[in-house]
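Trainee:
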Amino acid sequence: MTNTKKPLLNDAFVVIIFAAAILAMPIWLDPIGGNYPDLLQKFAIYGIFAIGFNILFGLTGYLSFGHAAFLGVGSYAAVWSFKLLTMNVLPAVVFGVLFAGILAAIIGFLSLRRTGIYFSILTLAFAQMSYNLAYSVLTPITNGETGLQLARSDPRILDSLFSDGSVGAGLPSTDLFGETMSGYPGFYFCAVLLIICFYISLRIFRSPFGLMLKGIKSNQNRMKYTGLNTRPYMLTAFIISGMYAGLAGSLLAVTDPLAGAERMQWTASGEVVLMTILGGAGTLVGPMLGAGLIKYFENIFSSFDDNVLTQAFSFLPDSVVEFVVPVVGLFVGSGWHLTLGLLFMIIVIFLPGGLVEGFRRIVNYFRSGGKTKPQSVEAHNQAGE
Amino acid sequence: MDAIFIQILNGLDKGAAYALIALGLTLVFGTLGIVNFAHGALFMLGAFCAVTFQKLVTISVKVRDEGVTAFVAYKEQPYLETWFGDTGRIIIDYSVPLSILLAIPFMLLVGYVMERGLIKHFYKRPHAEQILVTFGLAIVIQEIIKAYFGANPIPQPAPEILAGSANVGAWVGLGNNLVYPWWRLIYLCFSGLIIFSVFAFLQFTTYGMVVRAGMRDRETVGLLGINIERRFTIVFAIAAVVAGVAGVMYTPILPPDYHLGMDFLVLSFVVVVVGGMGSLGGAVLAGFLLGIVQSFASMNEVKEIFPGIDQIILYLVAVVILLVLPRGLMGRAGVMDD
Amino acid sequence: MGDLVLHLENINKSFGGLSALSDVNLHVEEGTTHAIIGPNGAGKSTLLNVCIGRLKPDTGAVTFGGEVLTGKQPHEIAQLGVARVFQTPEIFQEMTLIENVMIPALSHRDGAFRLNAAELLSRQGELRDEAEHILEDVGLKDMMRTEAGSLSRGDKRRLELGMCLILRPRLLLLDEPTAGMARHDTNQTIELLKKIKSRGMTKVIIEHDMHVVFSLADKVSVLARGQIIAGGDPQSVREDPKVKEAYLGGAN
């Protein structure tokens with residue numbers, strides 16, 4: 000916003016670098032063992048989720064603990080689109096975003112009547128209601144604990160119009176006009192959407208609308224006394240953010256056509272908060288960074304078990320190995336959540352601005368020749384990108 | 000009439016647990032201004048004090064089984080029984096109530112360490128960061144418990160004499176069909192006692208007076224030259240103990256597992272906001288009220304009319320109360336009104 | 000004299016039985032600077048809060064330029080052209096000064112509800128010039144890239160004044176604009192307020208410092224124990240025995 004010198008060019012540059020980095024992930028993640036389609040898809044999907052969450056939390060400071068509900072609704076809507084209409088992913092994505100947006104409008108309209116912790120509790124309560132209902136009364140729609148799955152007998156009205164009706168062996172797979180949406184094509188589909196989402200988020204950050212949201216975060220009273228009706232702004236941010244979550248949810252279904260209620264649990268909401276905080280709330284690339292790191296480490300760490308560890312430490316004397324393996328074992332494998340919790344605490348305690356903030360501090364430290372000084376906003380923006 | 004009476008009783012014991020957790024939550028919020036998402040984990044830690052204590056007292060040795068005469072058989076016998084005979088057996092039988100003796104010092108210590116080591120640094124930080132850091136801590140505690148005790152619920156028996164049910168129907172003249180487990184009655188009385196002690200402590204001791212004054216206006220109390228911070232540490236430790244003993248006593252009702260804390264935490268927060276952030280009376284009232292409401296909502300007659308209502312009733316009540324009464328049932332003005 | 004622009008009619012406000020304002024009538028003329036003075040706890044800040052919609056009066060009505068303000072939302076009142084400088088500056092602490100001034104400009108026009116950055120670019124230059132101009136007026140231009148949170152208290156107040164001025168309000172309410180300032184800063188602020196006086200903006204000032212009051216005010220009203228006990232031009236108020244007793248006399 001204050002970056003007056005050719006901001007659009009700068010922004011275009013940012014988007015291009017971002018797009019290049021995302022699309023080239025299969026290449027640069029290969030050496031560190033992150034190059035397989037399932038994981039890459041998760042990076043892109045949770046990146047979208049976190050970027051969307053950041054539009055709400057990062058810009059306005061309103062901490063929603065119920066975003067998982069939108070993720071879940073997106074998934075259910077997408078799977079129903081596969082079941083009823085077609086295996087083409089475009090309608091699924093559209094429906095996922097649409098339904099999540101509608102739910103966000105309702106929840107946002109009510110929750111935004113309160114601020115601070117009351118807002119957090121309200122969103123949490125709505126999300127828990129959705130979760131509990133998905134498990135109980137809504138079983139005809141959600142298929143309860145089993146989760147919503149495809150079946151060979153699904154009508155798929157549009158598909159049956161255009162094909163001879165012969166169903167191949169096994170379940171059909173999701174596709175984009177013939178291209179199957181699993182493996183790398185699935186990743187590239189998600190990646191393209193991620194880049195679009197990133198671009199939209201960047202535009203929101205740079206727009207007067209984004210500036211108003213930052214103003215609301217900084218001092219809501221002052222915004223009111225300058226004549227701004229904050230409610231519609233907040234609601235818009237909430238809905239956009241909910242639609243991002245819905246998109247992420249529908250993409251989860253695109254890459255693996257299955258939807259379960261556990262996606263809506265409040266710990267899932269906590270996860271996206273963590274991703275955003277870890278990377279840096281309110282920064283552009285922070286949430287993507289956080290989502291990527293968490294999904295990467297989750298994948299690496301949880302694959303470790305005692306055997307792997309014993310091998311890894313085999314250079315040590317046996318007695319030391321016997322001691323080290325159980326201790327380290329606490330933090331990996333099924334204990335990965337312990338690491339996650341610790342990471343969470345460390346970030347909030349020492350680096351509330353997230354990794355981007357840490358990076359910024361390092362840059363500033365070197366720029367100022369070892370002295371820390373009050374930083375200008377220009378430095379902020381550039382380091383943040 | 001019978002049905003209503005029994006539903007109220009059923010609601011009360013769950014309500015008592017909510018009330019005890021919410022009491023500590025709101026005490027910490029009201030005095031220290033901290034939103035503690037790890038409070039449910041303290042409840043869970045208390046429950047696992049009972050588990051640990053039971054494990055300790057039942058450490059066994061192999062002894063000759065005298066009951067089998069045909070051949071030499073061995074059986075596991077707890078050391079306590081070997082050493083102390085019947086006294087040992089009684090200790091084992093009463094392991095749940097006795098484990099309070101372990102829980103109190105342990106929770107005091109946990110509360111002290113937590114406040115000095117972590118919470119203290121978050122007094123001046125935004126609520127969002129408090130929520131996040133304590134949420135992280137809750138995950139850590141929960142995962143440590145999971146690593147040591149496994150993921151499955153561990154049943155804790157109530158003392159044998161209290162294992163049956165009380166014929167409460169007969170006491171109030173409602174016939175003999177109304178029975179209610181003894182242990183739940185004990186839990187009710189116990190929670191009443193704890194709530195009473197906390198209130199008495201705050202009301203009648205000078206210590207409590209300072210704390211209450213601090214709840215109203217921390218700066219002024221600080222200006223009076225009172226070391227309010229040290230008192231806050233103790234308030235936090237007390238809240239931890241309340242949550243801990245509530246957890247200990249709840250184990251015979253619900254076998255504890257590692258995510259017990261999280262399950263109760265969300266509901267307790269709902270209770271706290273319904274009661275009004277920072278209001279002790281509100282927390283207790285809302286705790287029992289929501290327990291009863293939940294119990295009624297899970298009656299089959301109600302579920303037939305509103306399917307699924309039992310699943311969402313607490314959240315629904317919370318949403319309605321928050322939207323209609325922004326400060327909850329008994330919240331004071333000026334608390335958390337941003 | 001000009002037309003009456005702000006009317007307060009029979010305003011009553013009490014907090015839990017404690018009466019803060021009782022039957023307050025106040026009439027402010029267009030283009031004048033109207034000072035409200037009175038001892039601590041006289042209800043001065045409550046009066047301003049009623050004007051901007053932060054508090055609702057128990058009875059009575061506030062009208063501004065023919066519109067009834069009572070019952071309107073704060074942002075609606077602000078849209079009508081009422082701006083306020085608070086006792087503790089309400090600014091955007093973690094943003095730069097230039098952003099602090101630009102945000103009100105954008106929000107006031109309510110034209111900020113747009114996501115189109117290209118359109119912003121064409122307007123940004125114009126808005127930015129205006130914001131820089133305002134910062135120059137309040138003497139903060141050379142610091143426009145610093146974060147507002149790092150300013151001194153006096154500078155924060157000046158910044159807040161700038162944030163109000165860019166709204167081009169018809170009525171500016173100032174709550175003790177010089178409280179806690181050193182004499183030098185106070186004089187600077189007086190000069191600044193005199194400068195904007197020439198722009199024909201109506202101002203209501205709450206002030207303790209008599210030096211400030213008598214160098215700025217066209218009209219003075221004296222508030223004591225929730226009631227207006229005297230009013231008129233500064234000279235006559237200064238000599239009013241009731242005022243001396245309630246306020247000036249008490250201070251000496």
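Chains as they are written, first to last, in numbering that gives the first Met the number 0: chain A, 0 to 384; chain B, 0 to 337; chain C, 0 to 251. Here a beta-carbon is modelled for each residue, glycine too, at the ideal position from N, C-alpha and C.
1) Taking Cβ-Cβ distances shorter than 7 Å, what residues in chain C pair up with residue 217(A)?
2) Ignore the nearest five residues each way along the sequence and tell me which others in residue 178(B)'s own chain have a CB closer than 8 Å to its CB.
3) In three-state terms, what does DSSP make of residue 48(C)?
4) Thinking C-beta only, is residue 185(A) closer than 8 Å to residue 40(A)?
5) Between residue 98(B) and residue 238(A), what straight-line distance do the alpha-carbon atoms span, to the nearest angstrom?
6) Closer than 8 Å by beta-carbon distance: list the chain A residues that pair up with residue 78(C), in chain order.
7) What residues are listed by DSSP as bridge partners for residue 61(B)?
8) Does the beta-carbon of residue 108(A) have 16 or more other beta-carbons within 10 angstroms, so that it is buried, or is it exposed?
9) So with CB distances below 7 Å, who are the chain A contacts of residue 189(C)?
10) Using a Cβ-Cβ cutoff of less than 6 Å, which residues in the same chain neighbour residue 143(B) once the five nearest sequence positions on both sides are dropped?
11) Give, in chain order, every unbroken run of the alpha helix (DSSP H) that is at least 4 residues long and sits entirely within the region 249-317 of chain B.
12) What are the complete alpha helix (DSSP H) segments, minimum 4 residues, inside the region 59-106 of chain A?
13) Suppose you measure from the CA of residue 8(B) to the CA of residue 291(B); what does that come to, to the nearest Å?
14) Rounded to the nearest angstrom, how far is the Cβ of residue 235(B) from that of residue 100(B), given a contact under 8 Å?
15) With a threshold of 16 other CB atoms inside 10 Å of the CB of residue 55(C), please say whether the residue is buried or exposed.
16) So what does residue 179(B) bridge to, in DSSP terms?
17) Would you check if there are 3 or more beta carbon pairs closer than 8 Å linking the region 256-269 of chain A to the region 9-29 of chain A?
18) In chain order, what residues of the same chain have a beta carbon less than 7 Å from the beta carbon of residue 79(B), not counting five sequence neighbours either side?
19) Would you list, in chain order, the members of the region 336-363 of chain A that have their beta-carbon closer than 8 Å to a beta-carbon of chain C?
20) The alpha helix (DSSP H) spanning residue 142(B) covers which residue range?
21) Would you please state the rounded distance, in angstroms, between the beta carbons of residue 6(B) and residue 295(B)? I believe it to be under 8 Å.
22) Check whether the Cβ of residue 245(A) lies closer than 7 Å to any heavy atom of the ligand MN, and answer yes or no.
23) Can you find at least 3 beta carbon pairs, one from the region 50-66 of chain B and one from the region 306-325 of chain B, that sit closer than 8 Å?
24) For residue 126(B), go through chain A and note every residue whose CB falls closer than 9 Å to its CB, in chain order.
25) Run through chain A and tell me which residues come within less than 8 Å of residue 166(C), C-beta to C-beta.
26) Provide the residue(s) that pair with residue 146(C) in DSSP beta bridges, ordered along the chain.
27) Bridge partners for residue 32(C) per DSSP, in chain order?
28) When the cut-off is 8 Å and only beta carbons count, does residue 103(A) lie next to chain B?
29) I need the boundaries of the alpha helix (DSSP H) containing residue 2(B), first residue and last residue.
30) Just checking: is the beta-carbon of residue 109(A) within a distance shorter than 8 Å of some beta-carbon in chain B?
31) Is residue 187(B) near residue 12(B), with beta carbons less than 8 Å apart?
32) At 9 Å on the CB atoms, spell out the chain A contacts of residue 300(B), in chain order.
33) Would you be able to state if there are at least three C-beta pairs under 8 Å between the region 319-337 of chain A and the region 76-86 of chain A?
34) If you measure beta-carbon to beta-carbon, which residues of the region 132-155 of chain A are closer than 8 Å to chain F?
35) Name the residues in the region 33-55 of chain A whose C-beta lies less than 9 Å from a C-beta of chain B; which are they?
36) Answer yes or no: does any C-beta atom of chain B fall closer than 8 Å to that of residue 188(A)?
Mentor: If we stick to the structure as given:
1) 91, 92, 93 and 94
2) 164, 165, 166, 167 and 168
3) helix
4) yes
5) 50 Å
6) 226
7) 75(B)
8) exposed
9) Within 7 Å Cβ-Cβ: nothing; residue 189(C) doesn't reach chain A, min ~24 Å.
10) none
11) 259-274, 279-296 and 299-304
12) 67-83
13) 8 Å
14) With a Cβ gap of about 21 Å, residue 235(B) and residue 100(B) do not count as contacting.
15) exposed
16) 165(B)
17) no
18) 56, 87, 90 and 91
19) none
20) 126-148
21) 5 Å
22) Although the ligand MN was asked about, the structure shown includes no ligands whatsoever.
23) no
24) 62, 115, 116 and 119
25) 225 and 226
26) 95(C)
27) 202(C)
28) no
29) 1-31
30) yes
31) yes
32) Per Cβ cutoff of 9 Å: no residues; residue 300(B) is ~16 Å from chain A at best.
33) no
34) Among the protein chains of the structure shown, namely A, B and C, there is no chain F.
35) none
36) no
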